[in-house]
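Everything on this sheet refers to the single structure shown next.
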Amino acid sequence: MTLHNKINKNLRVAVCGLGKTGISVIKFILENKLPWKIEAYDSKEVVDVYQFDNYINVSFEGFDDSNVLKCDLIIVSPGININRGVFLEAKKNNIDIIGDIELFSYFTDKPVIAITGSNGKSTVTQLTGDVLKAASLKVGIGGNIGIPALSLLDHDYELYVLELSSYQLETIENLKTKISVFLNLSEDHIERYASFYEYKMAKQKIFTKSKLCIYNQDDINTWPCSIEPNQKCVSFDKNKKDGFHLSFCDGNLNNKDVSFYYKDKFLFSSNEIKLKGFHNYLNILVVLNIINAMSVSLNKCISTIKKFPGLPHRFQYIKTERCLCINDSKSTNAASTFEAIKALKENDAQLHLILGGIYKGDDFSQVVNECSKEKIKVYSFGKDGAYFSKLFDCTYYRDLNALIKNLVSIVSKTDIILFSPGCASFDQFKNFEERGNNFIELIEHKLNFKGC
Ligand code: UMA
Ligand code: ADP
7 MTLHNKINKN LRVAVCGLGK TGISVIKFIL ENKLPWKIEA YDSKEVVDVY QFDNYINVSF
67 EGFDDSNVLK CDLIIVSPGI NINRGVFLEA KKNNIDIIGD IELFSYFTDK PVIAITGSNG
127 KSTVTQLTGD VLKAASLKVG IGGNIGIPAL SLLDHDYELY VLELSSYQLE TIENLKTKIS
187 VFLNLSEDHI ERYASFYEYK MAKQKIFTKS KLCIYNQDDI NTWPCSIEPN QKCVSFDKNK
247 KDGFHLSFCD GNLNNKDVSF YYKDKFLFSS NEIKLKGFHN YLNILVVLNI INAMSVSLNK
307 CISTIKKFPG LPHRFQYIKT ERCLCINDSK STNAASTFEA IKALKENDAQ LHLILGGIYK
367 GDDFSQVVNE CSKEKIKVYS FGKDGAYFSK LFDCTYYRDL NALIKNLVSI VSKTDIILFS
427 PGCASFDQFK NFEERGNNFI ELIEHKLNFK GC
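So the sequence shown is residues 7 to 458, counted in the working numbering.
What follows is the structure, encoded as structure tokens:
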């Protein structure tokens with residue numbers, strides 16, 4: 007009997023990990039009165055779980071607990087690696103291990119649009135949700151973007167747009183999607199995957215049961231690896247003249263004036279939109295392809311695209327009296343820092359790049375190359391700042407405060423400060439949001455803030 011057919015049975019269920027995901031799983035099971043006996047596990051105390059005290063058993067001793075192996079089903083949070091310890095043992099014993107997205111899939115028959123990739127997921131997820139809302143659809147937006155998918159099921163949505171990480175995709179089997187998008191693939195999460203191939207194959211799972219698979223023509227790793235005859239595939243491609251594409255003034259890829267076309271019909275130009283940077287033009291091409299597949303009015307959607315300011319901490323422009331600053335705190339890998347630099351290339355301004363934090367082991371050689379070619383001044387900070395100081399031959403500061411204090415005395419009005427750390431933030435901050443807000447606060451104080 008498949009797990010999907012067992013959900014109405016009396017199951018003993020272990021919920022492993024009690025962050026946002028685990029809490030949403032427990033809430034969902036209790037609110038929907040599934041006849042399951044819940045045991046909740048985490049490796050540290052989580053006070054949020056006490057709200058369910060009367061209904062579940064809780065342990066904060068980690069997962070290597072013989073009780074986990076006595077369960078019929080294990081529901082893991084995305085941050086937990088299922089290729090070690092008790093989970094390997096559970097697999098040997100044929101105990102089902104799923105995540106919240108798989109559970110979500112059992113309880114909805116509404117269309118799902120799923121987005122994955124190494125970079126750009128949140129931007130594309132949010133913009134897709136926003137344009138479909140503008141087309142009068144009731145859309146639930148969630149997943150890795152920060153709203154657990156199960157929590158969306160309480161609402162009366164007619165469609166879901168989910169951002170899915172490779173961690174979440176590892177544990178899906180049944181999820182059927184109307185559209186799945188694989189944006190791009192670059193080295194990331196090296197600590198979790200034995201190889202780049204393993205990381206790629208986790209992401210490829212997004213296409214398994216998708217009616218329409220959208221992939222990146224310029225990134226072979228995103229091309230669907232195995233497709234059934236009933237599945238359709240469409241690529242997004244800046245040069246796709248028989249679909250949505252970009253046209254560059256003088257044919258120059260880095261030209262500021264970029265036009266969006268559908269076949270030979272002009273749609274809008276980059277001067278009319280708020281999102282900046284070539285990577286964001288690609289993100290918009292993806293959204294246009296989704297709109298087309300959903301058969302909703304292109305005109306209504308285009309006005310939403312034009313107004314979309316982008317998400318905070320993603321290549322976010324901040325104007326100060328002293329110079330332009332860009333908060334790209336969500337950049338946690340080399341690929342996103344590289345895109346940010348590329349996006350600013352056409353400016354003749356002196357660029358000051360700030361990077362550092364916890365280095366995740368990915369390849370920064372392209373960034374190093376670009377910085378030396380473009381005469382970009384680099385400054386590093388944080389736990390692995392000393393490593394970057396050697397790599398870029400640049401000055402290292404222990405923290406952002408000291409770094410900005412020094413930078414203030416150097417920058418002139420035409421310069422640009424780019425805060426694109428390329429690293430995880432947990433050495434000195436709770437998350438990338440706190441890191442970005444700290445950057446904004448510092449420049450607000452020291453450079454006279456004028457607005458975003
Ligand atoms: N835990 C353990 N042992 C472990 C790992 C975790 O006990 O080995 C416990 C922690 O003590 C904590 C809980 O598990 O109490 C946290 O679980 P989690 O790390 O899965 O985090 P959640 O709060 O459930 O948030 C998750 C996603 N986190 C991760 O994938 C790491 C969130 O993405 C997501 O927004 C949320 O579900 C809702 O879907 C964050 C993220 O960093 C933003 N994602 C990665 C990324 O974008 O690069 C993939
Ligand atoms: P994700 O959810 O995949 O982390 P975000 O939209 O939050 O993606 O953006 C994360 C980082 O990647 C930011 O620094 C942003 O400027 C950059 N970025 C956004 N879109 C792309 C893209 N298509 N290619 C490369 N980098 C991108």
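Even for Gly, the Cβ is constructed at its ideal location relative to N, Cα and C.
Kindly indicate the opening and closing residues of the beta strand (DSSP E) around Thr-177.
What you label residue 177 is simply residue 171 of the sequence shown in a count that begins at 1. It is not in any beta strand (DSSP E) - Thr-177 carries neither H nor E in the DSSP assignment.
Is it right to say Thr-343 is buried, meaning 16 or more other beta carbons lie within 10 angstroms of its own, or is it exposed?
In the sequence shown, residue 343 corresponds to position 337, counting from 1. Classification for Thr-343: buried.
With hydrogens ignored, establish whether the beta-carbon of Ala-346 is closer than 7 Å to any heavy atom of the ligand ADP.
As a position in the sequence shown, residue 346 is number 340, starting the count at 1. Checking every heavy atom of the ligand ADP against the Cβ of Ala-346, one is found closer than 7 Å.
Could you say which of Gly-85, His-451, Leu-109 lies nearest to Leu-492 if we only look at CA atoms?
An answer regarding residue 492 cannot be provided, because it is not within the stretch 7 to 458 covered by the chain.
With a threshold of 7 Å (Cβ to nearest heavy atom), would Lys-336 be considered close to the ligand ADP?
On the sequence shown, position 330 is the one that residue 336 refers to. For Lys-336, the CB falls within less than 7 Å of some heavy atom of the ligand ADP.
Could you please give me the residues that DSSP links to Val-384 through a beta bridge?
Along the sequence shown, read from residue 1 onward, the residue named residue 384 stands at position 378. Beta-bridge pairing links Val-384 to Leu-359.
Counting Cβ pairs, one atom from each stretch, are 3 or more of them under 8 Å apart for the region 223-237 and the region 266-277?
no
State the beta-bridge partners of Val-302 as determined by DSSP.
For this step, residue 302 is matched to residue 296 along the sequence shown. Note: Val-302 sits in no beta bridge, so no partner.
May I ask you to check if the CB of Phe-321 is nearer than 7 Å to at least one heavy atom of the ligand ADP?
As a working mapping, residue 321 is identified with position 315 in the sequence shown. Answer for Phe-321: yes, Cβ within range of the ligand ADP.
Whether or not the region 306-326 and the region 239-249 are in contact is what I'm after, with contact meaning three or more pairs of Cβ atoms, one per stretch, closer than 8 Å; do they touch?
no
Sequence-distant residues of the same chain with beta carbon closer than 7 Å to Tyr-163, five excluded per side
Looking up residue 163 in the sequence shown gives position 157. Around Tyr-163: Lys-116, Lys-144, Val-145, Gly-146.
Environment of Ile-226 [buried if 16+ CB atoms lie within 10 Å]:
Residue 226 sits at position 220 when you count from the first residue of the sequence shown. With fewer than 16 Cβ atoms within 10 Å of its Cβ, Ile-226 is classed as exposed.
Taking the straight line between their C-alpha atoms, what separation do you get for Lys-351 and Gly-283?
As a first step, residue 351 is located in the sequence shown; it is residue number 345 there, counting from the start. As a first step, residue 283 is located in the sequence shown; it is residue number 277 there, counting from the start. So the alpha carbons of these two residues sit roughly 10 Å apart.
With a threshold of 6 Å on Cβ separation, who are the neighbours of Ile-347 within its own chain once the five nearest residues in sequence on each side are excluded?
Stepping through the sequence shown from its first residue, residue 347 is reached at position 341. Closer than 6 Å at Cβ, skipping near neighbours: Glu-376.
When the Cα atoms are used, what is the spatial distance from Gln-210 to Cys-239?
As a first step, residue 210 must be located in the sequence shown, where it is residue number 204. As a first step, residue 239 must be located in the sequence shown, where it is residue number 233. Roughly 13 Å separates the two Cα atoms.
Leu-133 in three-state terms, based on DSSP:
Mapped onto the sequence shown, residue 133 falls at position 127. Annotated three-state conformation of Leu-133 is helix, per DSSP.
Among Ser-395, Asn-63, Gln-356, which residue has its Cα nearest to the Cα of Thr-420?
Numbered from its first residue, the sequence shown carries residue 420 at position 414. Considering only alpha carbons, the answer is Gln-356.
Residue closest to Ile-446, alpha-carbon to alpha-carbon, out of Lys-313, Val-373, Leu-330:
Numbered from its first residue, the sequence shown carries residue 446 at position 440. Of Lys-313, Val-373, Leu-330, the residue nearest in Cα terms is Leu-330.
CB of Asn-190 to nearest heavy atom of the ligand ADP: below 7 Å?
On the sequence shown, position 184 is the one that residue 190 refers to. Correct: Asn-190 has its Cβ closer than 7 Å to the ligand ADP.
Taking Cβ positions, are Leu-424 and His-358 nearer each other than 8 Å?
As a position in the sequence shown, residue 424 is number 418, starting the count at 1. As a position in the sequence shown, residue 358 is number 352, starting the count at 1. Contact: yes.
Residue of Tyr-385, Glu-179, Ser-216 minimising C-alpha distance to Phe-110
Numbered from its first residue, the sequence shown carries residue 110 at position 104. Of the candidates Tyr-385, Glu-179, Ser-216, the one whose C-alpha sits nearest the C-alpha of Phe-110 is Glu-179.
Ignore the nearest five residues each way along the sequence and tell me which others in Tyr-173's own chain have a CB closer than 6 Å to its CB.
What you label residue 173 is simply residue 167 of the sequence shown in a count that begins at 1. Cβ neighbours of Tyr-173 beyond the five flanking positions: Pro-84.
Endpoints, the beta strand (DSSP E) within which His-319 is located
Counted from its first residue, the sequence shown places residue 319 at position 313. Premise fails: His-319 is in no beta strand (DSSP E) and is neither H nor E.
Could you please give the first and the last residue of the uninterrupted beta strand (DSSP E) stretch that includes Cys-329?
Stepping through the sequence shown from its first residue, residue 329 is reached at position 323. No beta strand (DSSP E) holds Cys-329; DSSP gives it neither H nor E.
Exposed or buried, which one is Phe-113 when buried takes at least 16 other CB atoms within 10 Å?
Here residue 113 refers to the residue found at position 107 of the sequence shown. Flag for Phe-113 reads exposed.
Assuming Asn-150 and Ser-171 form a contact by the criterion Cβ under 8 Å, report the distance between their Cβ atoms to the nearest whole angstrom.
Taking the first residue of the sequence shown as position 1, residue 150 is located at position 144. Taking the first residue of the sequence shown as position 1, residue 171 is located at position 165. That belief holds up - the Cβ atoms of Asn-150 and Ser-171 are roughly 4 Å apart, short of 8 Å.
At least 3 beta-carbon pairs within less than 8 Å: the region 90-110 vs the region 22-41:
Verdict: yes, contact present.
Closer than 7 Å: Glu-169 CB and nearest the ligand ADP heavy atom:
Position 163 of the sequence shown, counted from the first residue, corresponds to residue 169. Result yes, Cβ under 7 Å from the ligand ADP.
Rounded distance between the beta-carbons of Asn-339 and Asp-368, thought under 8 Å:
In the sequence shown, residue 368 corresponds to position 362, counting from 1. In the sequence shown, residue 339 corresponds to position 333, counting from 1. The beta carbons of Asp-368 and Asn-339 sit about 5 Å from each other, so the pair counts as a contact at 8 Å.
I need the straight-line Cα distance from Leu-165 to Leu-175, nearest angstrom please.
The residue labelled residue 165 in the question sits at position 159 within the sequence shown. The residue labelled residue 175 in the question sits at position 169 within the sequence shown. Distance between the alpha carbons of Leu-165 and Leu-175 is about 19 Å.
Please classify Ile-476: is it buried, with 16 or more other beta-carbons within 10 angstroms of its beta-carbon, or exposed?
Since the displayed the chain opens at 7 and closes at 458, residue 476 lies outside it and no answer follows.
Determine the direct distance from the alpha carbon of Leu-181 to that of Ile-159, and round the result to whole angstroms.
Counting from one through the sequence shown, the residue named residue 159 turns up at place 153. Counting from one through the sequence shown, the residue named residue 181 turns up at place 175. For the sequence presented, residue 159 should be read as Leu rather than Ile. Distance between the alpha carbons of Leu-159 and Leu-181: 15 Å.
For Cys-231, the residue or residues it bridges with in DSSP:
Your numbering for residue 231 matches position 225 in the sequence shown. Paired residue(s): none; Cys-231 is not in a bridge.
Where does the unbroken beta strand (DSSP E) through Gly-442 begin, and where does it stop?
The residue given as residue 442 occupies position 436 in the sequence shown. That residue, Gly-442, is in no beta strand (DSSP E); its alpha helix (DSSP H) goes 438-453.
Endpoints, the beta strand (DSSP E) within which Phe-398 is located
As a working mapping, residue 398 is identified with position 392 in the sequence shown. Here Phe-398 belongs to no beta strand (DSSP E); instead the alpha helix (DSSP H) covers 391-398.
How is the beta strand (DSSP E) around His-195 delimited, first residue to last?
Counting from one through the sequence shown, the residue named residue 195 turns up at place 189. Taken as a continuous stretch (DSSP letters only), His-195 belongs to no beta strand (DSSP E), as it is neither H nor E.
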